[in-house]
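Protein sequences, first through last, are from chains A, B and C. Numbering (the working numbering) for the first sequence: 9 to 349. Numbering (the working numbering) for the second sequence: 717 to 995. Numbering (the working numbering) for the third sequence: 897 to 1207. Don't be surprised by glycine CBs; every beta carbon is placed ideally from N, CA and C.
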Amino acid sequence: MHIPDGYLGPQTYGTFYAIMLPIWFWASKMLKKTLKAKHAPYLALCAAFSFVIMMFNVPIPGGSTGHAVGGALIAIIMGPWAALMAISTVLIIQALLFGDGGITAIAANCFNMAFVMPFAGYYIYRILVSGSDAVSPRRVFAAAIAGYVSINFAAFFAAVELGIQPLIAHTPDGVPLYAPYSLNVAVPIMTFEHLVFFGFVEAVVTGLVIAYIIRTEPSLMRGSTPSLVPAIGKVGGNWKKLWAGIGVLILLTPLGLLASGTAWGEWTSEGLESLLNYVPEGFKSLNGLWSSFMAGYNISGWNSPFLSALGYIFSAIVGVGLIVLIAFLISRLLPAEGRSS
Amino acid sequence: MEKKVFEIKDVSYSCLGKFPALCGVNLEIKEKEKIALLGANGSGKSSLILILNGLAFPQKGEIRFMGERLTEESLEDEEFNSFFRKTVGLVFQNSDIQLFSSTVWDEIAFGPTQLGISKAEVEERVNDLLEMLDMHSLKDRSPYQLSGGEKKKVAIASTLAVNPDILLLDEPTNGLDPRTQAFLMELLEELHRSGKTIITATHDLGKVEKMADRVIILGEDHTIVTEGCASEVLGNKSLLLEVNLIHEHLHRHDDGTLHSHEHGHFSEHEHNHNKYKTV
Amino acid sequence: MSYRWLKTEGGIAPCPCCKIGGRKIGFLERTLVEVTSFFRNGLFSEEYAKKNGILQRIDPRVKILTLGILLVAVSLMRHLTLIGGLYLTVLFLAILSKIDLKFFLPRVWLFIPLFSGIIAIPALFNVFVPGEPLLTLITFKSKWSVGLFEIPKTISITKQGLFVATMFVMRVATSVSLVVLIVLTTRWQYLLKALRVLWVPQMFTFIIGMTCRYIHLLLKLIEDIHLAKKSRVIKKTSVVAGQRWVTSQIGNILKRSLQMSEEVHSAMLSRGFTNDVRILDTFRIKRVDYVWAAFFILFTSVILGFNSILG
Ligand SMILES: Nc1ncnc2c1ncn2[C@@H]1O[C@H](COP(=O)(O)OP(=O)(O)O)[C@@H](O)[C@H]1O
Ligand SMILES: [Mg+2]
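Here's what the structure looks like:
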């Protein structure tokens, strides 16, 4: 799932840097505030742990083995914000030292594996266990499901990022410049292996490690260690600002895409035409949907190609928006225990 | 009369609130003293050292440093914290914990840099220490590329770089080769002569006499069993046996006689038998 | 020693089962071994970082900034010739930095580009990238569809497909070469400190360095467990038992990590760490850095200029 350099065009990786920078900034500020001087060794050790998780092979029926990414596990034990920073650290080390993932793609990779994965895992887990005892067996199943779903979320996002490349960046005659396969190829291929294989490895590891922790060190599950699941409760008031910021970013994303496109001479009017000719059939129907939706308003200049471009960007971003929105709603709906532990 | 630097009154401390480590300990430490903290494994030496370094705080009793109470709150005061950290330095028992930086050079520079010492001064200190410990060739290595003894040397250097007036050492000779051990003992002696207070935790009876003028013995019940000058305490065999610092040792000689004597766990075997023996 | 079982009677018994060397080392076991030795032998051999080449002489901050900009420039190129030119430039820089191409080329290509090359193969065909056929392979009676996509009537390698695949692989190879070049010619600790020029906070680079340091410690822990397990394995365990064993080890490492973070925290406090970290560097900008930067700015503007003129 580590996207290398050269797979994503500048519009895409630039956008992800724009998304991740405020998130990183926010997360480190918050961790520094709640964990004080402890945040440095805490994050370093959590990061070291997330790195070495991948060194463990889990046997799978049929004789093969696989390793987990651990995004959900780390988020459940350490809280999603610490997980975000710890996994980001690991991804940077992997990119620099092992060539796993590109430098330009760091932000995109962090978005998938350090943001989407732990947050999805964490909130799925919290919903499933809400109201249960800190050491009830339900937690084990919840953790397994969180592991399974979260890695599939991450893979889906990676697939979408790769799949949109031929649509947003190509030569005037429509030949893709970066990752060459469009959504209808990238998404099924990327998600398939995670749905049928890696998802289960992740589920087994997340579930069984949580079971082990419950058995041997239940205090970790109760969050009695002061450093655990830190930030959420204490800075509750600031959540609004964060989500507002992310919201604004999402709204600005299409603008950013367009603006950067023109700045680099990507989206001249002919370029836009040819781009839209390249949009696959699936998007054409979406385009139709858009036109009929907007037709009543009869805005001049909103011709069909432009609408379809918007429709396309819209659909690429809707996923991001949904995740954030869902996470936000869940965090609001969770019982106070979940937020202050 | 030297002034008191540490006053410990009726201190009790337990790890994670459930594993007792110190029970009702009273202790006074004066400037320029040279003290050894003796005790078997688990008797609470490390815990006492952590408390003296303001890293653990007793659940009961109080500890004062230069008359000032040492608590989590008092150390939150920036000025006091900086003064305390500059004055008291600790060499940890586990070097892997103490060496967290990327390179030996950064590690030694870490302390003085955090305490706001100027760049030129820090560079000078680091280079001097590298020279003193003969480690110039190691300066760009990462801690994990060092042997156990080298790590310990770096740990000692990184503490000395702060130039603390009071030096706490937790089992510093563990894992050092005899030559480096001897070097360290001399170094401590020299530091003491230059006016530093030195407190060493150890269970190495062979080194105690050189390491300390005053010896404090912690028993397995986590209390101070006795304290006194080194020769006096070390002469008391039955007491040392009682706190498990020495054990009775039986072995059979060629002539079939059973021989029994006491010795420390870690000091080298010194026998003065007339006959060559096999065990 | 008085335990009944803790004795060796009648010498070591001959092994009833195994031929030594009969079992291959599993793939991930090898990974663990490799990663551990990678960390132990220094993050990179640092052999090249110590050579007296061009890039080694440039201040790490200037190097990261300039080659970083070049990396972005690679991602902006829209012409195969320009990317090819940049690739040759990178190779030239490698030679000037006294890096053995016999080492550099395989190191780069065996990483990502080879993998990307395999990925790019299907893109040659009109199934994925429609265009002018160069070489027709199969002709069906009519076009047909599999699930989401359509298989056209004739399957052929297209001119556009060839362009896409070559462009893709060359772009990946050039980017990877650049990153490997930076990493090879800079010592790891300088690389981390120099990240400051990219506005990476000192605290963060410090945490990255510390992470590497403790990854190594945890790997050693795992290695010990691993060896212990190997020497204790008697018979093949079931999948479920295997899973339980592995995850309990992960849980153990997790507990150790959390405990260690508390201890390291104490060690840092003890040496005056408060909330923010200060790290010294010994970088100094020299004349060669100015020359390099001037040359670089000229070169990059020319390349970017060509890129926009060629459209
Ligand atoms: N991390 C820990 N968790 C639980 N108990 C601990 C821990 N560290 C120390 N203890 C307990 O505290 C007591 C004192 O330990 P310590 O101060 O390390 O002794 P010493 O340094 O003399 O060997 C021991 O009995 C030990 O069981
Ligand atoms: Mg100890």
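Here's the rule I'm using: 16 or more other beta-carbon atoms within 10 Å means buried, otherwise exposed. How should residue 154 of chain A be labelled?
Result: buried.
Could you tell me how far apart the beta carbons of residue 1050 of chain C and residue 1026 of chain C are, in whole angstroms, since I believe they sit closer than 8 Å?
The Cβ separation is near 11 Å, so there is no contact.
Go ahead and pull the three-state DSSP assignment for residue 758 of chain B.
Residue state, collapsed to three classes: coil.
Is it right to say residue 918 of chain B is buried, meaning 16 or more other beta carbons lie within 10 angstroms of its own, or is it exposed?
Result: buried.
Got a sec, what are the start and stop residues for the alpha helix (DSSP H) residue 97 of chain A sits in?
Element bounds for residue 97 of chain A: 88 to 101.
Jot down the residue ranges of each uninterrupted alpha helix (DSSP H) in the region 800 to 872 of chain B, minimum 4 residues, whole runs only, in chain order.
Here the runs fully enclosed are 811 to 814, 820 to 830 and 835 to 848.
Sorry if obvious, but does the Cβ on residue 809 of chain B come closer than 7 Å to a heavy atom of ligand 2?
Checking the Cβ of residue 809 of chain B against ligand 2 gives yes.
How would you list, in chain order, the residues of chain C whose beta-carbon sits under 7 Å from the beta-carbon of residue 57 of chain A?
Simply 1114, 1149, 1150 and 1153.
Does at least one heavy atom of ligand 2 sit under 7 Å from the Cβ of residue 761 of chain B?
The answer is yes for residue 761 of chain B.
Alpha carbons only, please: which of B:957, B:793 and B:934 is nearest the one belonging to residue 762 of chain B?
The option with the nearest alpha carbon to residue 762 of chain B is B:934.
Residue 1170 of chain C touches chain B at which residues, Cβ-Cβ below 8 Å?
The answer, in chain order, is 794, 797 and 830.
Return yes when the C-beta of residue 784 of chain B is under 7 Å from any heavy atom of ligand 2, and no when it is not.
False, no ligand heavy atom lies under 7 Å from that Cβ.
For a test of the three-state rule: what should DSSP assign to residue 952 of chain B, helix, strand or coil?
Three-state DSSP puts residue 952 of chain B in coil, outside helix and strand.
Counting only beta-carbon separations shorter than 8 Å, does residue 801 of chain B have a partner in chain C?
So, interface residue.
Measure the C-alpha to C-alpha separation of residue 815 of chain B and residue 823 of chain B and round it to an integer number of angstroms.
Cα to Cα, the separation comes out at about 7 Å.
Using 7 Å as the cut-off, classify the Cβ of residue 887 of chain B as near or not near the heavy atoms of ligand 2, replying yes or no.
Checking the Cβ of residue 887 of chain B against ligand 2 gives yes.
Taking residue 747 of chain B as part of the alpha helix (DSSP H), name the residues at either end of that continuous run.
Per DSSP, residue 747 of chain B belongs to no alpha helix (DSSP H) and is neither H nor E.
Just the chain B side, please: which residues come within less than 8 Å of residue 1106 of chain C by C-beta, in chain order?
Ordered by position in chain B, the residues that pass the 8 Å Cβ test against residue 1106 of chain C are 816, 817 and 818.
Please state the DSSP three-state secondary structure of residue 1041 of chain C.
Strand.
Taking the beta strand (DSSP E) that residue 1035 of chain C falls in, what are its first and last residues?
Segment 1029 to 1035, the beta strand (DSSP E) holding residue 1035 of chain C.
Return yes when at least one heavy atom of ligand 1 lies under 7 Å from the C-beta of residue 732 of chain B, else no.
Indeed, a heavy atom of ligand 1 lies less than 7 Å from the Cβ.
Under 7 Å between beta-carbons, which chain C residues line up against residue 858 of chain B? List them in chain order, please.
Those are 1109, listed as they occur along chain C.
Along chain D, in chain order, which residues have C-beta atoms closer than 9 Å to that of residue 769 of chain B?
Of the protein chains in this structure, namely A, B and C, none is chain D.
Is residue 868 of chain B closer than 8 Å to residue 907 of chain B when the C-beta atoms are compared?
The answer is no: Cβ separation not under 8 Å.
Under 8 Å between beta-carbons, which chain A residues line up against residue 1030 of chain C? List them in chain order, please.
Within chain A, no residue comes near residue 1030 of chain C; the closest Cβ sits about 14 Å away, beyond 8 Å.
May I have the straight-line CA-CA distance separating residue 42 of chain A from residue 12 of chain A, to the nearest angstrom?
Their Cα atoms are separated by approximately 34 Å.
Tell me whether residue 757 of chain B counts as near ligand 1, meaning its Cβ is closer than 7 Å to at least one heavy atom of that ligand.
Yes, since a heavy atom of ligand 1 falls inside the 7 Å radius drawn around the Cβ of residue 757 of chain B.
Measure the alpha-carbon distance for residue 743 of chain B versus residue 725 of chain B and round it to whole angstroms.
Between residue 743 of chain B and residue 725 of chain B, the C-alpha separation is close to 7 Å.
Please report the distance separating the alpha-carbon of residue 740 of chain B from that of residue 941 of chain B.
One C-alpha to the other measures close to 11 Å.
Looking at residue 882 of chain B and residue 807 of chain B, is the spacing between their C-beta atoms short of 8 Å?
No, the Cβ-Cβ distance between residue 807 of chain B and residue 882 of chain B is not below 8 Å.
Compute the minimum distance between the beta carbon of residue 1061 of chain C and the heavy atoms of ligand 3, and state whether it is under 7 Å.
Only ligand 1 and ligand 2 can be found as ligands here, which leaves ligand 3 out of the picture.
Can you look up residue 185 of chain A in the DSSP assignment and give me helix, strand or coil?
Residue 185 of chain A: coil per DSSP, three-state reduction.
May I ask you to report which of helix, strand or coil DSSP gives residue 917 of chain B?
Note: residue 917 of chain B maps to strand in three-state DSSP.
Just to check, is the beta-carbon of residue 735 of chain B closer than 7 Å to a non-hydrogen atom of ligand 1?
Because some heavy atom of ligand 1 lies under 7 Å away, the Cβ of residue 735 of chain B counts as near it: yes.
Compute the Euclidean distance between the alpha carbons of residue 837 of chain B and residue 104 of chain A, then round it to the nearest angstrom.
C-alpha separation (whole angstroms): 33 Å.
Which runs of the alpha helix (DSSP H), 4 residues or longer, sit entirely within the region 131 to 205 of chain A?
The region 131 to 205 of chain A contains these whole alpha helix (DSSP H) runs: 146 to 171, 173 to 176 and 191 to 201.
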